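Everything in the sequence shown is counted per my numbering, starting at 1 for the first residue and increasing by one.
Single-structure report; data block below.
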Amino acid sequence: MNRDVLTEVRGQIGFITLNRPKQLNALNDQLMNELGEALKAFDADEKIGCMIITGSEKAFAAGADIGAMAKYSFADVYKGDYIGRNWEQIRSIRKPVIAAVSGFALGGGCETILSTDFRLADTTARIGLPETKLGIMPGFGGTVRLPRLIGADDALEWITTGKDYRADDALKVGAIDAVVAPAALQ
Ligand code: DAK
Numbered sequence: 001m002n003r004d005v006l007t008e009v010r011g012q013i014g015f016i017t018l019n020r021p022k023q024l025n026a027l028n029d030q031l032m033n034e035l036g037e038a039l040k041a042f043d044a045d046e047k048i049g050c051m052i053i054t055g056s057e058k059a060f061a062a063g064a065d066i067g068a069m070a071k072y073s074f075a076d077v078y079k080g081d082y083i084g085r086n087w088e089q090i091r092s093i094r095k096p097v098i099a100a101v102s103g104f105a106l107g108g109g110c111e112t113i114l115s116t117d118f119r120l121a122d123t124t125a126r127i128g129l130p131e132t133k134l135g136i137m138p139g140f141g142g143t144v145r146l147p148r149l150i151g152a153d154d155a156l157e158w159i160t161t162g163k164d165y166r167a168d169d170a171l172k173v174g175a176i177d178a179v180v181a182p183a184a185l186q
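Here it is as structure tokens:
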């Protein structure tokens, strides 16, 4: 069966790898359901002390799946609580959840990492909220969690310009906690 999320245990760490590489790990319902299940399973496992969410070398996640969203009406999204229901799952996990970011973490991908407790990024990372380029606002926590982390001024720049930022620049404002060499995240 095709899995959009892969899991692995190393020592006391539960690794969760987003696995839609051809779509740059664009977030859809299946992936978000599997992410929620994986987080809950590790949270319930006494042998696991913390979890690390990661993606591919090219992308942590390039945002919500634009193709899937294009077909949805407002009513579909509202009634189905599209994506939102499982995004919040990260915040309900009692053990520390760490994001390890290589490549793109854009839009919903950026909001996913903002929902974690600690954020590591390697020097290939490009992090940002490009929603305004699509004529929408960040829909899942970007307008709330980002200003809490980096302050209103910098968050306003991120949100209104839609630019993506290198790991060093994200570190300077406090959007991530550490920058590492790419090999450190493999
Ligand atoms: N969705 C679907 N497919 C995507 C994708 C995405 N977000 N991003 C990339 N892909 C696909 C591309 O279509 C392409 O597929 P093929 O053409 O090969 O079939 C493949 O991934 C490789 O992408 P590229 O060929 O474009 O790769 P490049 O290296 O040239 O460019 C890129 C990489 C990341 C710069 C580019 O792919 C890009 O700009 N992607 C879109 C970034 C973006 O705009 N993301 C979405 C932001 S909006 C909500 C909550 C949250 C949200 C919505 C609702 N509710 C609570 C209701 C969140 C919204 C967002 O995230």
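Glycine included, each C-beta is placed from N, C-alpha and C at the ideal position.
Predicted model, so just to flag it, every value in this text is computed and none were measured.
Just the C-alpha distance for residue i and residue j, rounded to the nearest angstrom, thanks.
{"i": "G107", "j": "A26", "result": "10 Å"}
{"i": "D154", "j": "T17", "result": "30 Å"}
{"i": "A198", "j": "G151", "result": "Because residue 198 is not part of the residues shown, which for the chain are 1 to 186, the question remains open."}
{"i": "K58", "j": "G103", "result": "5 Å"}
{"i": "D45", "j": "W87", "result": "20 Å"}
{"i": "S56", "j": "G14", "result": "17 Å"}
{"i": "R20", "j": "L6", "result": "10 Å"}
{"i": "P138", "j": "T132", "result": "8 Å"}
{"i": "A105", "j": "D122", "result": "11 Å"}
{"i": "A175", "j": "S73", "result": "32 Å"}
{"i": "S92", "j": "T161", "result": "31 Å"}
When DSSP labels each residue in this structure, what does residue i get in the three-state scheme?
{"i": "A93", "result": "Checking the displayed sequence, the identity of residue 93 turns out to be Ile instead of Ala. In this structure, I93 counts as coil in the three-state DSSP scheme."}
{"i": "A181", "result": "coil"}
{"i": "A62", "result": "coil"}
Considering only their Cβ atoms, is the gap separating residue j from residue i smaller than 8 Å?
{"i": "L116", "j": "V144", "result": "Reading the sequence as shown, one finds Thr at residue 116 and not Leu. No, Cβ-Cβ distance for T116 and V144 is not below 8 Å."}
{"i": "R119", "j": "D177", "result": "yes"}
{"i": "Q12", "j": "I48", "result": "yes"}
{"i": "D164", "j": "G128", "result": "yes"}
{"i": "D4", "j": "L31", "result": "yes"}
{"i": "A125", "j": "A167", "result": "yes"}
{"i": "I83", "j": "A64", "result": "yes"}
Between residue i and chain D, is the shortest Cβ-Cβ distance under 8 Å, so that the two count as touching?
{"i": "V9", "result": "No chain D appears in this structure, which consists of one protein chain only."}
Subject >> Continuous beta strand (DSSP E) assignments of at least 3 residues falling wholly in the stretch 107–179 >> reply: Secondary structure in the stretch 107–179: the beta strand (DSSP E) runs of 3 residues or longer, each lying completely within the stretch, are 118–122, 126–128, 164–166 in chain order.
Original post:
Whole alpha helix (DSSP H) runs in the stretch 5–56 with 4 or more residues, listed along the chain?
Top reply: Those alpha helix (DSSP H) runs which fall completely within the stretch 5–56 and span 4+ residues are 29–44.
Subject >> Residues proximal to ligand 1 by C-beta, any heavy atom closer than 6 Å >> reply: Working through the chain, the matches are Q23, L24, A26, A62, G63, A64, D65, I66, G67, V77, Y82, I83, G84, F104, L106, G107, G108, P130, E131, L134, G139, F140.
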